[in-house]
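A.B. asks: Numbering (the working numbering), first residue to last: 1263 to 1735.
Positions of the beta carbon are idealized from the N, C-alpha and C atoms, including for glycine.
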């Protein structure tokens, strides 16, 4: 065998091995409504409008949508203000567009009675699209190496005939799945909440917490037609609503949304979002400048962080942001504030901050960032930014990690604490809440390399030690 053939053989083998190791990538969209203005546009400009809408999701192994309506050519219209349907042949278009899974668990799936429901499910299945929400068990999704499960439910109205139409049925399904398989990540894709509201209801947050405690790995919501809060519960991502994907949106904020993509191996290893805008009812990608303005709207009431990477925004729990991410731009959304951090050069950053629409002065940070927390650390009802930063200072010429704290007062960021030495060198820190008060929790390393956890409280002159305990190595 010639050297050239051997080279080609080895190259192909490496490509095959890498492909076999690739994570399972599953994309989720918000509501898809193919009736009214959307149907009019398809008649005028052709089926390519629908097919092209999903082109930017082609790198995903699977694409999951919520079909807000029915695919039926028959059935009796229900006595409701809104009844949605499109022709059954639209199922083939969805398949050709790359849609692999369609959730039918929503408040419009019975708009044309049981006949409309059956026609929708049958036309999708006949076209090679898997339906979710028409059974009470999760659907298993796999690329041959990695696997996840998707459970679809509707907790809105007009869904009593669905397999999962109330909280108890949802929890029972999750419990049953966990008994059978706790190793395969479970994603709950759920129709719930109030339309056009920017934040979830209290019961939704309570239910999300229960589901996570039961073993759910991620929650994605739809129905409000606008985006809502993003947060992490016990390190699990919760998107209460991701808005519209295809719809004749005309009400405020219903034309801006995003898709969610999970990269999955043995667990959910990465979560990313792609901001979109509905133009004449169909999604289009935004320019980068529009990314920032739209994401600030989406994340306004969230407690999570984003960083920009290769056209996507990677979602991370703020406490896990360490500024080693492959990016030069971070967005931190916590406590109804938005912080933007831009890397200017090695160990140089710019920090901008806004709260309630008020934009503070931009600060220049010199040093290597490693952590960020947003909290009222001195309990004065003002938001503070806590930064882990490695640098030298006048009173200590040694390069080491310090904590810099800025407070938001009088519509500006002001220094509160700039790296004064603690008892020992800082390795990491967190904000600890005890009896409704915030404390600074640190992990410090002594001169003899012992790790010590200490808890400090703020007084008028700085941090005072309250208690400490050893952390076993």
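Quick one: complete beta strand (DSSP E) runs, 3+ long, within the region 1531-1609?
C.D. replies: Here the runs fully enclosed are 1544-1547, 1566-1571, 1574-1578, 1591-1596 and 1599-1607.
A.B. asks: Given that a residue counts as buried once 16 or more other Cβ atoms are within 10 Å of its Cβ, and exposed if not, what is residue 1465?
C.D. replies: Residue 1465 is exposed by the Cβ-count criterion.
A.B. asks: Is it buried or exposed, residue 1738, if we count other Cβ atoms within 10 angstroms and call 16 or more buried?
C.D. replies: In this structure the chain extends from 1263 to 1735, so residue 1738 is not present and cannot be described.
A.B. asks: Taking 7 Å as the limit between beta carbons, can you name the residues of its chain near residue 1726, skipping five residues before and five after?
C.D. replies: Around residue 1726: 1718 and 1719.
A.B. asks: Do you know whose CA, among 1598, 1595 and 1624, lies nearest residue 1604's CA?
C.D. replies: Residue 1624 is the option with its Cα nearest to residue 1604.
A.B. asks: Buried or exposed for residue 1728, please, with buried defined as at least 16 other CB atoms from any protein chain shown within 10 angstroms of its CB.
C.D. replies: When all chains shown are included, residue 1728 counts as exposed.
A.B. asks: Output yes or no for whether 8 Å exceeds the beta carbon distance between residue 1299 and residue 1510.
C.D. replies: Cβ atoms of residue 1299 and residue 1510: closer than 8 Å.
A.B. asks: Would you say the region 1329-1346 touches the region 1370-1387, given that touching needs at least three Cβ pairs under 8 Å?
C.D. replies: Result yes; three or more Cβ-Cβ pairs closer than 8 Å.
A.B. asks: Where does residue 1628 sit, in a helix, a strand or coil, going by DSSP?
C.D. replies: Residue state, collapsed to three classes: strand.
A.B. asks: Taking only the alpha-carbon atoms, compute the straight-line gap between residue 1350 and residue 1333 and give it to the nearest angstrom.
C.D. replies: Rounded to the nearest angstrom, the two C-alpha atoms are 5 Å apart.
A.B. asks: Residue 1635: buried (16+ other C-beta within 10 angstroms of its C-beta) or exposed?
C.D. replies: Buried, since its Cβ has 16 or more Cβ neighbours within 10 Å.
A.B. asks: Under 7 Å: does the beta carbon of residue 1533 sit that close to some heavy atom of the ligand GTP?
C.D. replies: Here there are no bound small molecules, and the ligand GTP is not part of this structure.
A.B. asks: Beta strand (DSSP E) containing residue 1445: first to last residue?
C.D. replies: Unbroken run through residue 1445: none, as it is neither H nor E.
A.B. asks: According to DSSP, is residue 1271 helix, strand or coil?
C.D. replies: In this prediction, residue 1271 scores a pLDDT of 45, lower than 50, which makes its location untrustworthy; the coordinate-derived value is nonetheless stated afterwards. Correct three-state label for residue 1271: helix.
A.B. asks: Which class does residue 1491 belong to by DSSP, given the choice of helix, strand or coil?
C.D. replies: Coil, per DSSP.
A.B. asks: Give me the Cβ distance between residue 1542 and residue 1303, rounded to the nearest whole Å; I'm assuming they're in contact under 8 Å.
C.D. replies: The pair is a contact, with the Cβ atoms about 6 Å apart (cut-off 8 Å).
A.B. asks: Please report the residue range of the beta strand (DSSP E) in which residue 1416 lies.
C.D. replies: Residues 1409-1416.
A.B. asks: Quick check: the region 1378-1388 against the region 1491-1498, are at least 3 beta-carbon pairs closer than 8 Å?
C.D. replies: The region 1491-1498 is not in contact with the region 1378-1388.
A.B. asks: Could you give the first and the last residue of the continuous beta strand (DSSP E) run that contains residue 1357?
C.D. replies: Careful: residue 1357 lies outside any beta strand (DSSP E), inside the alpha helix (DSSP H) at 1352-1359.
A.B. asks: So, with DSSP's three-state summary, where would you put residue 1284?
C.D. replies: Coil at residue 1284, not helix or strand.
A.B. asks: Tell me, please, whether the region 1647-1654 touches the region 1663-1678 by the rule of three or more beta-carbon pairs shorter than 8 Å.
C.D. replies: As far as the Cβ criterion goes, the region 1647-1654 touches the region 1663-1678, which means the pair count is three or higher.
A.B. asks: Looking at the strands, I want to know which residues DSSP matches up with residue 1612.
C.D. replies: Its beta-bridge partners are 1604 and 1626.
A.B. asks: Measure the Cβ-Cβ separation of residue 1419 and residue 1369 and say whether it is below 8 Å.
C.D. replies: Going by C-beta atoms, residue 1419 is nearer than 8 Å to residue 1369.
A.B. asks: Whose C-beta lies closer than 6 Å to the C-beta of residue 1584 among residues of the same chain, with five residues either side of it excluded?
C.D. replies: Result list for residue 1584: 1632, in chain order.
A.B. asks: Identify every run of the beta strand (DSSP E) within the region 1663-1698, keeping only runs that are complete inside it and at least 3 residues long; order them along the chain.
C.D. replies: Whole beta strand (DSSP E) segments, 3+ residues: 1674-1680 and 1687-1696.
A.B. asks: Ignore the nearest five residues each way along the sequence and tell me which others in residue 1598's own chain have a CB closer than 6 Å to its CB.
C.D. replies: Correct list: empty, nothing qualifies.
A.B. asks: Can you name the start and end residues of the beta strand (DSSP E) that residue 1716 belongs to?
C.D. replies: Per DSSP, residue 1716 belongs to the beta strand (DSSP E) from 1713-1721.
A.B. asks: Quick one: what's got a C-beta closer than 8 Å to residue 1622's C-beta in the same chain, skipping five residues either side?
C.D. replies: Excluding residues within five positions, the ones whose Cβ falls inside 8 Å are 1614, 1615, 1616, 1670, 1673, 1674 and 1675.
A.B. asks: Here's the rule I'm using: 16 or more other beta-carbon atoms within 10 Å means buried, otherwise exposed. How should residue 1434 be labelled?
C.D. replies: The residue is exposed, with fewer than 16 neighbouring Cβ atoms inside 10 Å.
A.B. asks: Looking at the structure shown, is residue 1318 part of a helix, part of a strand, or coil, going by DSSP?
C.D. replies: The answer is helix: DSSP assigns residue 1318 an H, G or I state.
A.B. asks: So, at 7 Å on beta carbons, what are the nonlocal neighbours of residue 1331 in its own chain, with the 5 sequence-adjacent residues on each side left out?
C.D. replies: So the qualifying residues of the chain are 1295, 1296, 1297, 1346, 1347, 1348, 1370 and 1373.
A.B. asks: Look up residue 1324 in the DSSP assignment and give the residues it is bridged to.
C.D. replies: Paired residue(s): 1288.
A.B. asks: Taking all protein chains shown into account, do 16 or more other C-beta atoms lie within 10 angstroms of the C-beta of residue 1473, making it buried, or fewer, making it exposed?
C.D. replies: Classification for residue 1473: buried.
A.B. asks: I'd like to know whether the C-beta atoms of residue 1507 and residue 1480 end up nearer to each other than 8 Å.
C.D. replies: No, these two residues do not count as a Cβ contact at 8 Å.
A.B. asks: For residue 1658, which of helix, strand or coil comes out of DSSP?
C.D. replies: Here residue 1658 sits in strand by DSSP.
A.B. asks: Is it right to say residue 1521 is buried, meaning 16 or more other beta carbons lie within 10 angstroms of its own, or is it exposed?
C.D. replies: Answer is buried; the Cβ neighbour count reaches 16.
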